[in-house]
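In the UniProt record's numbering, the protein residues as written are 1 to 210.
Glycine residues also receive a C-beta, built at the ideal position from the N, C-alpha and C atoms.
Shown next, in the form of structure tokens:
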């Protein structure tokens, strides 16, 4: 039996979802709270398998409540159930330690399935939340200078590592000498180096040469 504590200041939401969950053969709602402060105390006392956490509440919001629970009980599995999808709620909630993130517009059956999945160690995120997290991860990952090079610029750089002159590169790629010079200039700028020698050293240092 999966034991659940539900923390939400909307009584009708608590009644509706809690009733549905309690009707499930494998889920039992063992406690409810209408604010974060009381919710933290209840969770730490009952140690449920799953905590359903609203975000916007009086006295203590869900983000702070989640943080306090995780601080004192790192193994807690918290599912955010909220109406909000803005960045100011999603990121802080997950960073505070929430395992899963659901919307109140979700079907009660979806929340029940999220309870089961989270209990089994599988985080459940709304598709919009997944998209936001992917975007944030991409923003956090530093872009290396050579990743800014176009396919043609990379070709020119690799030929430069072979010691080929601009004219030889132009002949091999069947492009104008002026075009090669433009590519070389762009390569030096993007790699943030002063000359061809430094560009070649960069290429070897970053294993661009196979």
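In whole angstroms, what separates the C-alpha of residue i from that of residue j?
{"i": "residue 172", "j": "residue 100", "result": "55 Å"}
{"i": "residue 182", "j": "residue 145", "result": "17 Å"}
{"i": "residue 74", "j": "residue 206", "result": "40 Å"}
{"i": "residue 14", "j": "residue 5", "result": "10 Å"}
{"i": "residue 116", "j": "residue 27", "result": "8 Å"}
{"i": "residue 163", "j": "residue 143", "result": "27 Å"}
{"i": "residue 148", "j": "residue 193", "result": "14 Å"}
{"i": "residue 49", "j": "residue 121", "result": "11 Å"}
{"i": "residue 95", "j": "residue 208", "result": "36 Å"}
{"i": "residue 22", "j": "residue 16", "result": "10 Å"}
{"i": "residue 175", "j": "residue 199", "result": "21 Å"}
{"i": "residue 9", "j": "residue 64", "result": "15 Å"}
{"i": "residue 110", "j": "residue 123", "result": "13 Å"}
{"i": "residue 71", "j": "residue 44", "result": "11 Å"}
{"i": "residue 88", "j": "residue 118", "result": "23 Å"}
{"i": "residue 177", "j": "residue 210", "result": "25 Å"}
{"i": "residue 180", "j": "residue 191", "result": "16 Å"}
{"i": "residue 56", "j": "residue 185", "result": "54 Å"}
{"i": "residue 38", "j": "residue 62", "result": "11 Å"}
{"i": "residue 42", "j": "residue 18", "result": "16 Å"}
{"i": "residue 105", "j": "residue 11", "result": "16 Å"}
{"i": "residue 7", "j": "residue 83", "result": "14 Å"}
Rank the options by C-alpha distance to the C-alpha of residue i and give the top, closest one.
{"i": "residue 25", "options": "127, 3, 154 and 187", "result": "3"}
{"i": "residue 91", "options": "159, 5 and 128", "result": "128"}
{"i": "residue 77", "options": "40, 60 and 57", "result": "40"}
{"i": "residue 114", "options": "81, 94 and 97", "result": "81"}
{"i": "residue 59", "options": "70, 34 and 46", "result": "34"}
{"i": "residue 85", "options": "126, 157 and 199", "result": "126"}
{"i": "residue 103", "options": "57, 42, 38 and 79", "result": "79"}
{"i": "residue 68", "options": "106, 191, 36 and 180", "result": "36"}
{"i": "residue 47", "options": "197, 31, 18 and 57", "result": "31"}
{"i": "residue 189", "options": "157, 210, 43 and 168", "result": "157"}
{"i": "residue 196", "options": "42, 89 and 165", "result": "165"}
{"i": "residue 242", "options": "38, 11, 169 and 1", "result": "This structure leaves residue 242 out entirely; the chain is present only between 1 and 210."}
Rounded to the nearest angstrom, how far is the Cβ of residue i from that of residue j, given a contact under 8 Å?
{"i": "residue 98", "j": "residue 53", "result": "7 Å"}
{"i": "residue 187", "j": "residue 153", "result": "5 Å"}
{"i": "residue 108", "j": "residue 20", "result": "4 Å"}
{"i": "residue 203", "j": "residue 150", "result": "The pair is not a contact, with the Cβ atoms about 15 Å apart (cut-off 8 Å)."}
Under 7 Å from any heavy atom of the ligand MN, does the C-beta of residue i make it?
{"i": "residue 59", "result": "With respect to small molecules bound, the structure shown includes none, and the ligand MN cannot be examined in it."}
Query raised in the report: What runs of the beta strand (DSSP E), each 3 residues or longer, lie entirely inside the stretch 63 to 135?
Result: 78 to 82 and 100 to 103
Report task. Let me know the alpha helix (DSSP H) ranges lying completely inside the UniProt domain "HTH luxR-type" (142 to 207), each 4 residues or longer, listed in chain order. Result -> 151 to 161, 166 to 173, 177 to 191 and 196 to 205
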